[in-house]
Amino acid sequence: MVHLKAPYVSGFLAFREVPFLVELVQRLQEKEPGFMPQVLLVDGNGVLHQRGFGVACHLGVLTDLPCVGVAKKLLQVDGLENNSLHKEKIMLLQAGGDTFPLMGNSGTVLGMALKSHEHSTNPLYVSVGHRVSLEVAVRLTHHCCRFRIPEPIRQADIRSRDYIRRTLGHPGSPAQRQESLLPTEPSTTSPVSW
DNA sequence: GCGACAG
DNA sequence: ATCTTGTCGC
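Mapping the first sequence onto this note's numbering, position 21 (from 1) lands on 236, and the numbers just tick up by one.
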């Protein structure tokens, strides 16, 4: 079980979550190096970020593994806006795998909006994290989608929440007596996310 | 009061 | 992220 200390602040997600992600990779290298993945799908952004360096970049540099940023909402940076024009482009996406580029004011393509499967309305926002091209990032993400969320991220989400529920759900459990795995902060902070 | 808001 | 209400498709 991880013990989150930093609060969630938009633009600083890596400072909250990346230490635990690095630890997971290190633990895997020690115990099961044969299972080391060739690429990581990261729940958050890569270069589509306030300072061009989201959690997927951060994790990639610290582990030297190729990383893809996969966000569920558009981070509105460099002039990118979730406005009516953007929503029009989303509605024009037809088949699963369809995309449109996310071009910042700087003229750089920061990522791609991806219709991750055919019966999906909201796109995914895919961006380069580390040692991977945007084209490969998009194809890889698309091919991992049984549903809207890529299966590796979806399973991590489902199983971690299930673990939390099983661990904190039982009165008298060690975790419950420890009393402070739940966030001290009011809202916004979650013990799950990992 | 109003807009913004990766997770 | 969490919570809630309602709808649609398999």
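Note that the Cβ used here is the ideal one computed from N, Cα and C, for glycine as well. None of these values were measured; they are calculated from a predicted model.
For Arg381 and Gly294, the rounded distance between their alpha carbons: 43 Å
Beta-carbon within less than 7 Å of Thr314's beta-carbon, same chain only, minus the 5 sequence neighbours each way: which residues are those? Met327, Ala328, Leu329, Val353
Do Ile373 and Asp258 have their CB atoms nearer than 9 Å? In this structure, Ile373 lies away from Asp258, with their beta-carbon atoms at least 9 Å apart.
Distance check for His301 and Val270, CA to CA, integer angstroms please. 24 Å
Enumerate in chain order the residues of its own chain whose CB-to-CB distance from Val240 is below 6 Å, with the five nearest sequence positions on each side excluded. Thr278
Residue burial classification, Thr399 (beta-carbon count within 10 angstroms, cutoff 16): Reliability fails at Thr399, whose pLDDT of 24 lies under 50, so the model's placement of it is uncertain and no value is given.
Between which two residues does the alpha helix (DSSP H) containing Gly275 stretch? 270-278
Near Gln265, which residues of its chain fall below 6 Å by C-beta distance, leaving aside the five closest residues on each side in sequence? Gly226, Val292
Does DSSP classify His357 as helix, strand or coil? helix
With respect to the beta strand (DSSP E) encompassing His345, which residues constitute its N-terminal and C-terminal limits? 339-345
Please state whether DSSP places Leu308 in a helix, a strand or coil. coil
Coarse secondary structure for Ala221, derived from DSSP in three states: coil
Does Val224 pass the burial test, meaning 16 or more other C-beta atoms within 10 Å, or should it be called exposed? Result: exposed.
On the DSSP bridge assignment, give the partners of Pro252 in chain order. Note: Pro252 sits in no beta bridge, so no partner.
In whole angstroms, give me the CA-to-CA distance for Leu219 and Val285. Their Cα atoms are separated by approximately 22 Å.
Under a three-way DSSP split, which group does Pro234 fall into? helix
For Leu263, name the three-state secondary structure that DSSP assigns. coil
With 16 other Cβ atoms within 10 Å as the buried cut-off, status of Ser331: buried
Nearest candidate by alpha-carbon position, reference Phe362, set Arg346, Val343, Pro338: Pro338
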